[in-house]
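Those protein sequence lines, which keep their order, are chains A and B.
Take the first sequence: its position 171, counting from 1, is numbered 171 in the working numbering, and each next residue is one higher.
Take the second sequence: its position 106, counting from 1, is numbered 106 in the working numbering, and each next residue is one higher.
To start, the structure under review is shown below, and the notes come after it.
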Amino acid sequence: MNDDHRPDPDALLAQVQLADAVSKSGRLHIFLGMCPGVGKTYAMLQTARQRVKEGVEVLVGIVETHGRSETAALLEGMRVLPRRKLEHRGFTLEEFDLDAVLVQRPRLVLVDELAHTNAPGSRHAKRYQDVLELIDMGIDVYTTLNVQHIDSQVDIVRQISGVAIQETVPDSILDRAHEIQLIDLSVEKLLERMADGKVYLGERAEQAVTGFFKTGNLTALRELALRFTAERVDRDLEDIRRSRRVSSAWKTNARLLVGVGPSPYAESLIRWTRRAATRLNCPWLVVWVEGSGVLTPVEQERLTRSLGLARKLGGEVLSVTGENVAEALLQAARDRNVSQIVVGKPDKPVWWRQSFADQIILGSGDIDVCVVRPLAAVDKTSATALNDTASASVIGEYSWVLVTVFTIASVCWGIVPYTGYMVVALVFLLAVVLGAMRFSRGPVLVMAALSALCWNFFFIPPQFTFFINKAEDWIMFGMFFIVALSMGSLTSRLRMREEAERRRARLTGALLRVTQSAALAAESEKGLAEALRSINELLHAHTALIVRENDRSLPKAAHPASTFQPSRKEWGVVAWSYENKQCAGRFTDTLPESEATWFPLQTATATMGVLGLQFERETRLDFATRQMIEAFALQLALVLEKEHFIEAVSHAEVLAQSEKLHRTLLDSVSHELKTPIAVITAALEGMDNQRSPYLAEITIATQRLQRVVDSLLQMTRLESDVLKPSLDWCDLRDVIAAAQHAIGAALDTHAVRLHLAEDFPLLKLDHALLTQAVANILHNAAIYTPAGTAIDVSATLRDQQLRLIIRDHGPGLPVGAERRVFEKFYRVLGSPAGGTGLGLAIARGFVQAQGGEITARNHPDGGAEFVIELNQVSAFVPPSK
Amino acid sequence: MTALIIDDEIQIRRLLRMALESKGYTVREAEKGQFGLQEAVFLKPDVILLDLGLPDMDGVEVLKRLREWSSVPVLILSVRDQESVKLAAFDAGADDYVSKPFSTAELIARLTAIQRRQGAHDAANLQLGPLVLDPVHHEASLDGRPLKLTPTEYALLAQLVRHAGKIVTLKHLLRAVWGPQAEEQSHYLRVYANHLRKKLEGSTLEIKNEPGIGYRLEET
């Protein structure tokens with residue numbers, strides 16, 4: 001054999017592991033086009049047919065032919081999945097049946113129109129989520145997509161065509177794609193096809209769509225698709241170049257940061273940043289600065305949506321706190337080594353202070369600043385409805401202000417003759433300060449202004465005019481006005497800051513309380529119950545905790561500390577969230593019709609279960625709350641994991657203790673039994689056996705005694721569970737030879753014939769255990785078959801299963817004894833004297849200790865046949881010379 | 001020649017003394033590990049027979065302390081016959097292992113083998129019965145005829161010949177022939193051992209496999 005061609009075992013192992021990793025997740029192949037009608041579905045079907053010819057198992061999950069006969073013709077002969085029917089408000093909707101595919105598990109499934117929005121009642125809100133689940137389960141997927149549905153391209157499409165696209169897929173799914181194939185068609189050809197009626201334009205709004213299909217629009221879209229694909233190809237090329245010289249995970253050391261707030265421009269800024277980051281191939285951060293201001297419900301809603309978008313597009317979301325937004329943003333940028341900050345262009349100049357962009361630019365130092373023009377998002381939610389509740393309380397405050405001011409005015413009217421009008425100003429000021437502690441900013445400012453005017457009108461002479469005579473009164477009035485305004489403003493800002501601080505403190509406190517009660521409680525059950533109670537109080541919710549069983553399956557019922565039990569329907573959501581390690585249920589995109597929201601309890605290494613929350617009043621889940629629940633979930637997961645580890649360690653300790661005890665006991669017993677035998681054997685050897693026939697008898701008896709002692713000790717060891725197979729490569733021939741050697745003279749009367757292929761591979765087995773098992777069977781055969789007959793040993797290896805067959809040519813087993821021969825102390829009737837009935841029981845024990853099984857039967861051609869079966873045996877075929 | 005027996009069983013010691021003295025050894029005995037170590041220091045025996053189950057300390061521990069300063073050949077003589085115990089003893093530096101009950105003849109043969117190793121190191125040519133190895137040219141001959149070997153086969157055979165009659169652990173062979181990083185690659189060793197067996201077929205030499213422990217080259 002040539003040593004140079006010996007494969008490097010490490011390299012082989014690495015290859016195998018790589019192949020394993022690749023095969024785990026399915027491949028995603030996206031057929032990308034510029035707009036409907038370019039032939040994506042057609043191309044997908046053609047490619048799929050090719051795969052069918054190659055022998056791949058292909059299933060058509062869902063394909064829309066839109067009545068085109070060429071496309072329909074391609075579907076002929078393919079296996080098409082029946083669609084799932086959903087009832088929704090009296091309509092029957094047909095949808096792609098995800099569960100059926102997961103059950104059937106084909107190699108490849110075709111799912112048309114990636115950007116499709118699923119009908120209500122489906123598991124996921126969007127079809128791309130179905131596709132992600134499929135590839136996570138190791139199924140390959142072919143799908144089609146138009147470039148205008150890519151999330152980061154939506155703004156550009158809107159600029160080009162004026163159409164706001166609602167159905168989008170996040171860019172991250174394109175990163176998961178193994179292959180993106182561009183289906184290109186010239187604009188003239190497309191228009192021709194359209195004129196021939198070959199392009200499906202959707203069911204409604206013929207003219208809107210035809211407006212969209214203009215040569216200018218189409219050319220721009222085509223450029224967009226081409227450019228998008230080109231960028232991807234460029235990135236892949238870079239990847240290949242890079243993989244030859246390994247270094248950090250990103251090509252450049254660039255890192256983008258975009259600051260977002262509750263403004264309608266945030267989404268556009270986020271999309272812009274994502275596009276830039278993709279082009280630079282660098283990580284990007286989305287930072288939200290939580291200031292002192294209290295967000296209105298509309299703003300809250302917008303912020304949640306923007307941050308959700310950022311997450312969906314693959315950005316890292318960071319929330320920091322700070323009074324000055326620009327400063328906080330710059331601090332975050334420096335902390336995270338950001339190279340570029342993206343800010344929106346200010347829409348109109350404000351003369352009394354610097355614009356936000358200016359502040360960032362001034363403070364940015366060596367960080368580049370990118371000022372971009374954002375587009376305002378189209379508000380989809382009914383903002384007015386949300387505003388109603390807010391404005392109701394504000395109107396209430398304004399009326400309070402009016403009442404207060406006029407009450408004070410009338411009271412002061414009574415005291416003014418005694419005190420003079422100057423004191424009245426102070427009373428008004430006091431009222432403004434007190435009011436600022438209760439009311440929000442707007443009403444306080446109105447109150448300040450109103451007080452000033454009241455004072456002027458009713459109290460400053462000349463009374464009942466706004467006219468002021470004396471210069472000092474003018475100054476007094478001016479100063480009162482300014483002091484009242486600024487006092488009101490300052491106090492109300494102070495109060496808001498205090499409120500924000502209190503809210504943060506409450507969150508931190510709650511997190512601490514949850515952590516402490518769960519982690520430090522002496523009894524874990526009570527601790528968890530305490531933690532759940534804290535969460536309930538804080539969020540006004542009911543919680544259910546589902547903790548996985550030790551075998552990683554989900555339990556039948558929620559943890560006893562839970563305050564609600566999930567219904568049978570909810571368990572499906574629980575299982576999905578647990579298996580996919582993602583949030584699911586209400587307020588999420590997955591199974592949003594559930595009653596509760598479910599968060600996986602995930603640590604770095606394991607998913608410990610699921611936490612469910614059922615909100616009492618909440619109508620939506622804002623970003624901060626969601627982040628907080630995720631923090632709770634992490635804490636609970638860590639606590640559960642810690643407990644799991646403690647349990648495992650103590651279990652291992654008990655095992656080790658009992659193992660040690662067994663070993664000590666076995667050692668001393670075997671010492672006591674074997675030492676006398678050793679003395680007798682050695683002493684006998686020193687004597688001359690020929691001289692006295694008695695000595696020969698003693699020798700035989702000693703050998704028998706030794707065998708019995710060995711058997712008993714082996715049996716004890718087997719039953720005490722201290723046997724642990726230690727696998728190593730071995731040659732089956734060695735095993736048989738060692739077994740023959742171990743039996744010694746008792747086998748001299750029988751010939752053992754080994755039938756083994758010349759190139760039979762090396763096997764990874766416990767050499768000693770298998771040798772003992774084989775020796776016991778061979779010995780058994782030698783005792784129970786007539787002298788001079790042969791024993792045949794053969795072996796086969798198929799699908800990692802080793803079958804070792806030992807066949808004798810004796811009288812065979814008595815009928816019905818095929819199983820009983822392996823029982824302890826069982827002896828076939830008429831057995832020769834001098835056996836314990838342990839040999840085969842021990843053989844079975846040794847085989848079972850290696851996870852195998854042993855069976856006996858009578859061979860049709862006579863004689864008994866013993867089969868040792870071992871599963872999951874690794875084999876090594878030596879490279880031939 | 002002096003042999004030191006460290007065993008707590010007086011009957012075993014007496015029997016071993018009789019057997020060894022008949023072969024011309026001077027025999028000293030110790031019934032505890034501590035005494036055994038002291039005797040080893042003062043006596044400088046040529047060979048030590050060591051029991052593993054000693055009353056004051058474990059035999060493997062005695063062996064480890066002994067190996068800190070001495071390379072005297074040590075034969076383990078014990079009732080424990082599990083593979084893991086044997087491997088631990090070999091890892092601690094045992095030269096061979098005989099489990100009780102034992103055959104006196106086999107014991108004497110093993111003793112002779114582990115003592116022979118001490119002198120055989122420096123010889124220009126390695127020889128065992130009909131097999132001659134030339135370490136300078138990496139050539140071998142069997143019964144006077146040249147034996148064709150690949151470099152790996154030669155290296156493996158040389159290791160076995162150098163420790164002829166004595167068990168050589170898998171770990172030792174893998175490390176010596178393939179290098180320290182190959183300790184887990186025992187399948188290669190199995191393959192080459194089989195090749196060597198085929199090449200030695202028909203001669204008086206036999207490569208014996210000790211399940212899970214290693215190989216022993218013996219002349220029959």
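Where is the CB? At the ideal position from N, CA and C, for every residue including glycine.
If you're wondering where the values come from, they're calculated on a predicted model, not measured in any experiment.
How about residue i and residue j: do their beta carbons lie closer than 7 Å?
i	j	result
A:A633	A:L613	no
A:A115	A:E167	yes
A:G863	A:H779	no
A:L257	A:A376	no
A:Q635	A:T515	yes
A:S306	A:V371	no
A:G837	A:R827	yes
B:K166	B:I108	no
B:E218	B:E201	no
B:P55	B:D96	no
A:S492	A:V444	yes
Could you check what DSSP says for residue i in three-state terms: helix, strand or coil?
i	result
A:S248	Summary for A:S248: the model assigns pLDDT 41, below 50, so the residue's position carries little reliability, and this model does not support an answer.
A:S517	helix
A:G308	helix
A:Y42	helix
B:R67	helix
B:M1	coil
A:P417	helix
A:A875	strand
A:A19	For A:A19, the predicted structure reports a pLDDT of 49, less than 50, and the residue's modelled location is therefore unreliable. A value from the coordinates is still provided. In this structure, A:A19 counts as helix in the three-state DSSP scheme.
A:D710	helix
A:T381	Low per-residue confidence applies at A:T381: pLDDT is 45, beneath 50, and the placement is therefore not dependable, though the value from the model is reported in the following sentence. Note: A:T381 maps to coil in three-state DSSP.
A:T117	strand
B:H163	coil
A:K556	coil
Between which two residues does the beta strand (DSSP E) carrying residue i extend?
i	result
A:F458	No beta strand (DSSP E) holds A:F458; DSSP gives it neither H nor E.
A:M608	T607 to F615
A:Q181	E179 to L182
A:K85	R84 to H88
A:V260	L256 to V260
B:Q127	L126 to L128
B:E83	Run containing B:E83: none in the beta strand (DSSP E); it sits in the alpha helix (DSSP H), E83 to A92.
A:G344	Q340 to G344
Starting from residue i, trace the alpha helix (DSSP H) in both directions and tell me its first and last residue.
i	result
A:V914	A query on residue 914 of chain A cannot be resolved here, the shown segment of chain A reaching from 1 to 881 and no further.
A:D175	S172 to R176
Can you list the residues of chain E that residue i reaches, using a CB-CB cut of under 8 Å?
i	result
B:T104	Absent from the structure: chain E. Protein chains present are A and B.
* To do: May I ask you to verify whether the stretch 1 to 16 of chain B touches the stretch 746 to 761 of chain A, counting CB pairs closer than 8 Å and requiring at least 3?
  => no
* To do: May I ask you to verify whether the stretch 850 to 865 of chain A touches the stretch 40 to 50 of chain B, counting CB pairs closer than 8 Å and requiring at least 3?
  => The stretch 850 to 865 of chain A is not in contact with the stretch 40 to 50 of chain B.
* Would you call the stretch 79 to 91 of chain A and the stretch 59 to 67 of chain A touching, i.e. three or more CB-CB distances under 8 Å? -> yes
* Sufficient close CB pairs (3 or more, under 8 Å) joining the stretch 301 to 315 of chain A to the stretch 271 to 284 of chain A -> The stretch 301 to 315 of chain A, when compared against the stretch 271 to 284 of chain A, does touch it at the 8 Å Cβ threshold.
* Asked: Which residues, taken in chain order from the stretch 184 to 210 of chain B, show a beta carbon closer than 9 Å to some beta carbon of chain A?
  -> E184, Q185, S186, H187, Y188, L189, R190, V191, Y192, A193, N194, H195, K208, N209 and E210
* Do the stretch 795 to 806 of chain A and the stretch 816 to 824 of chain A touch if we need at least three Cβ pairs shorter than 8 Å? -> no
* Do the stretch 512 to 527 of chain A and the stretch 574 to 585 of chain A touch if we need at least three Cβ pairs shorter than 8 Å? -> no
* Asked: Do the stretch 864 to 880 of chain A and the stretch 6 to 19 of chain B make contact, defined as three or more Cβ pairs closer than 8 Å?
  -> Pairwise C-beta distances place the stretch 864 to 880 of chain A out of contact with the stretch 6 to 19 of chain B, as fewer than three of them are shorter than 8 Å.
* Asked: Taking one C-beta from the stretch 191 to 205 of chain B and one from the stretch 702 to 720 of chain A each time, how about it: are there three or more such pairs within less than 8 Å?
  -> no
* To do: Output, in sequence order along the chain, the residues in the stretch 738 to 771 of chain A whose CB is closer than 7 Å to any CB in chain B.
  => A738, L762, H767, A768 and T771
* Evaluate the contact criterion for the stretch 146 to 160 of chain A versus the stretch 221 to 232 of chain A: three or more CB pairs, one atom per stretch, below 8 Å. => yes
* Pull out every residue of the stretch 655 to 670 of chain A whose Cβ sits closer than 7 Å to any Cβ of chain B, in chain order. => D667 and S670
* **Residues of the stretch 720 to 735 of chain A whose Cβ lies closer than 9 Å to any Cβ of chain B, in chain order** => K724, S726, D728, W729, C730, D731, R733, D734 and V735
* Please confirm if the stretch 26 to 40 of chain A is in contact with the stretch 225 to 238 of chain A, defined as three or more CB-CB distances below 8 Å between the two stretches. => yes
* Scan the stretch 694 to 716 of chain A for residues whose Cβ lies nearer than 7 Å to a Cβ of chain B and list them as they occur along the chain. => Result list: Q706.
* To do: Scan the stretch 36 to 60 of chain B for residues whose Cβ lies nearer than 8 Å to a Cβ of chain A and list them as they occur along the chain.
  => So the close ones are G53.
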